[in-house]
Amino acid sequence: MKTTRLAWLVAASLAFGWTAPASADLERGYAAWNSGDYPSAVREWRNLAAQGNPDAQFNMAQAYRLGRGVEQNNAQAEILLAKAAAQGHLRAI
6 MKTTRLAWLV AASLAFGWTA PASADLERGY AAWNSGDYPS AVREWRNLAA
56 QGNPDAQFNM AQAYRLGRGV EQNNAQAEIL LAKAAAQGHL RAI
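In the working numbering, each number is its position in the sequence shown, counted from 1, plus 5.
Below you can see the structure in the form of structure tokens.
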């Protein structure tokens, strides 16, 4: 019983420890975007999107669609939306 509980605690700690930096990067990106600093938002989201984070993929798709922080590129926006949707991102579907 104690071993099982310890295993769950370790697993939860690892999961939260690994997602916290991604969450922080997303939040910094949101703050930059909301203040109109689109290039900084893109810098926060670009690597996360490349690593497969569906929220970052969706956000980068919007940046490409609107041409904010990046050159407007509807084809790239569609690719990123499809990737986010494939992972169940509700706004990308």
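We put the CB at the ideal spot given by N, CA and C, even for glycine.
Measuring CA to CA, which of the options is closest to residue i?
i          : options           : result
residue 62 : 37, 90 and 26     : 90
residue 45 : 83, 78, 74 and 98 : 74
residue 47 : 57, 66 and 59     : 66
residue 51 : 77, 41 and 64     : 64
residue 26 : 76, 96, 88 and 53 : 53
Along the alpha helix (DSSP H) that carries residue i, what are the first and last residues, could you check?
i          : result
residue 60 : 59-71
residue 40 : From DSSP, residue 40 is part of no alpha helix (DSSP H); its letter is neither H nor E.
residue 83 : 79-91
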